[in-house]
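Data block below; observations after.
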Amino acid sequence: MALHPPDPWGIIGHEAVLELLPRLGASTLLFSGPEGVGRRLVARWYAWGLNRGFPPPALGEHPDLLEIGPPERGLKGRVEIRLEEVEPLFDWFATHPRERVKVAVLDAAHLLTEAAANALLKLLEEPPSYGRIVLIAPSRATLLPTLASRALEVAFAPVPEERLRSLTQDPELLAYAGGAPGRLLRALADPTAFRARMEKAREVGGASSWRRFTLLKELFADEEGIFALYAAFRHRPQALLALEAAREALERYVSPDLVLARLALDLET
C-alpha cells in the first residue's frame, strides 16, 4: 500500500485552490478549513511557487519561508500563541528576500493572544512590498475581526472520500480520516498506533460508566483520539451528534470533566 500520494508535493485534492493562488495579489491570505486537509502543505507550495514559479519544484527547505505554530493542544483546551512567538516576524521581514518573496505562515492564527494579534496587525497594515503572510485558522469567524478584515480568505473543504481511496479502501480508516489526507497518512504510517487508538475507541460503547469516562479522557487528549471515536461510532448518528456537542462545549471552555461525564452517559449502549 502506498503511503504517499503521486503528486510530488503530496497534495491531494484542492485543484481549484492551486489554480487560484498564483493569480492572487493580496499580501495577506487566510487559509480556512478543517485540520488535516492540507492547508500547511499548500502554504509551502504557494511560498515556493512565488519564488520559483508555478507549479513549483518538489518540497524542500526554502530561505524565504518562515513557519510559526501550531502550538500543542489537548483536553484542557486551547494553547495560546503569545507575543514572543510572533515578534521574530518583524526582524525577519525587515530584511529583503534571498530570492523574490518572503512568505510567513502563521498556523493556528485563531489562538493568538490579544497582544500578539495587535502586534501582528501592524505588520498586516503595512507589509513590505516583498512580503506575504498566510494565516491558517478554522474559519474567518474564529479570527479577531481586525485580522480577518485584512486577509483574503481561501477556503479549504474536506477532500472527498473517493479521492482518498487511492491510499486505502478500509472504511474505518476512511471514516477516521474524515476528508483529511494528513490524518489518513499519519494512520497509514503508524498502523500500530492507529489500531491501539481504535481499540480504545471501540471499547467505549460497552465499557462500564467509570471506564467509559476514563477512556474518553484519554481519547479526547488529542485530535487523533477524537476522530477515532468518530470512526468507531460512525454507524450511530446520535452518538456522532453527542461527540460533536462535546467538542463544541470544550471549545467554549466548559469543564472537561463535566463535558466528558455527560458524553459517557450519551454513548452508553
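Once you know that position 195 of the sequence shown is 191 in my numbering, the rest is easy, because the numbers rise by one and skip nothing.
We put the CB at the ideal spot given by N, CA and C, even for glycine.
Predicted model, so just to flag it, every value in this text is computed and none were measured.
What are the start and end residues of the alpha helix (DSSP H) that includes residue 205?
Start and end: 205 to 215.
Own chain residues within Cβ distance below 7 Å of residue 138, not counting five before or after
Correct list, in chain order: 106.
Quick check on residue 100: does DSSP put it in helix, strand or coil?
Three-state DSSP puts residue 100 in a strand.
6 Å Cβ shell around residue 142 - same chain, five flanking residues per side excluded
Once the five neighbours on either side are set aside, the close Cβ partners of residue 142 are 117.
Assuming the contact rule is C-beta atoms closer than 8 Å, residue 61 and residue 5 should be a hit. Round their C-beta distance to whole Å, please.
Going by Cβ atoms, the distance from residue 61 to residue 5 rounds to 14 Å, so no, they are not a contact pair.
Given a cut-off of 8 Å on the beta-carbon distance, is the pair residue 46 and residue 97 in contact?
Result yes, Cβ atoms of residue 46 and residue 97 sit closer than 8 Å.
Once the 5 residues before and after residue 70 are set aside, which same chain residues still bring their CB inside 7 Å of it?
For residue 70, the predicted model reports a pLDDT of 44, less than 50, meaning its position is unreliable and no value from the coordinates is stated.
Neighbourhood of residue 264 by C-beta distance below 6 Å, restricted to the same chain and skipping five residues each side:
Excluding residues up to 5 positions away in sequence, nothing lies with its Cβ nearer than 6 Å to the Cβ of residue 264 in the same chain.
Helix, strand or coil for residue 133, going by three-state DSSP, please let me know.
Strand at residue 133.
For residue 228, which three-state DSSP category applies?
Helix.
Judging by CA-CA distance, which residue of 17, 27, 31 and 146 is the nearest neighbour of residue 175?
When the alpha-carbon of residue 175 is set against those of 17, 27, 31 and 146, the nearest one is in 31.
Is the Cβ-Cβ distance between residue 134 and residue 24 less than 8 Å?
No, they are not a contact pair.
In this structure, how does DSSP classify residue 198 when only helix, strand and coil are distinguished?
DSSP places residue 198 in the helix class (H, G or I) of the three-state scheme.
Are there 16 or more other CB atoms within 10 angstroms of the CB of residue 92, so buried, or fewer, so exposed?
Counting other Cβ atoms within 10 Å of its Cβ, residue 92 stays below 16 and is therefore classed as exposed.
Hey, how far is the Cα of residue 189 from the Cα of residue 183?
Distance between the alpha carbons of residue 189 and residue 183: 7 Å.
How about residue 26 and residue 150: do their beta carbons lie closer than 8 Å?
For the 8 Å CB-CB criterion, residue 26 and residue 150 form a contact.
Let me check understanding here. Comparing Cα to Cα, which of 81, 43, 162 and 251 lies closest to residue 112?
The closest CA to that of residue 112, considering only 81, 43, 162 and 251, is found on 81.
Count the other CB atoms, across all protein chains shown, that sit within 10 Å of the CB of residue 206; report buried if there are 16 or more and exposed otherwise.
Residue 206 is exposed by the Cβ-count criterion.
Supposed contact pair residue 255 and residue 228 - C-beta distance, whole angstroms, cut 8 Å:
In fact, because the Cβ distance is near 18 Å, the residues do not count as touching under 8 Å.
Please say whether residue 236 and residue 249 have beta carbons closer to each other than 8 Å?
Taking 8 Å as the Cβ cut-off, residue 249 and residue 236 do not qualify as a contacting pair.
Using beta-carbon positions only, say whether residue 222 and residue 243 come within less than 8 Å of one another.
It is a contact, given that the beta carbons lie within the stated cut-off.
The beta strand (DSSP E) spanning residue 89 covers which residue range?
That residue, residue 89, is in no beta strand (DSSP E); its alpha helix (DSSP H) goes 84 to 89.
Which complete alpha helix (DSSP H) runs does the segment 98 to 183 hold, if anything under 4 residues is left out?
Segments of the alpha helix (DSSP H) lying fully in the segment 98 to 183: 110 to 121, 141 to 144, 157 to 160 and 167 to 173.
Spatial distance of residue 94 from residue 58 (CA atoms)
Straight-line spacing of the CA atoms in residue 94 and residue 58 works out to 10 Å.
Residue 263 - DSSP class collapsed to helix/strand/coil:
Looking at residue 263 - three-state DSSP - the assignment turns out to be coil, as it is neither helix nor strand.
State the Cα-Cα distance for the pair residue 160 and residue 140, rounded to the nearest angstrom.
Cα to Cα, residue 160 sits roughly 34 Å from residue 140.
Mapping the DSSP letters down to three states, classify residue 76 as helix, strand or coil.
Residue 76 falls in the coil class under three-state DSSP.
Do residue 49 and residue 8 come within 8 Å of each other at the CB atom, strictly closer than that value?
No; because the gap between Cβ atoms is not below 8 Å, this pair is not in contact.
Residue 211 versus residue 52 - alpha carbon distance
Answer to the nearest angstrom: the Cα atoms are 45 Å apart.
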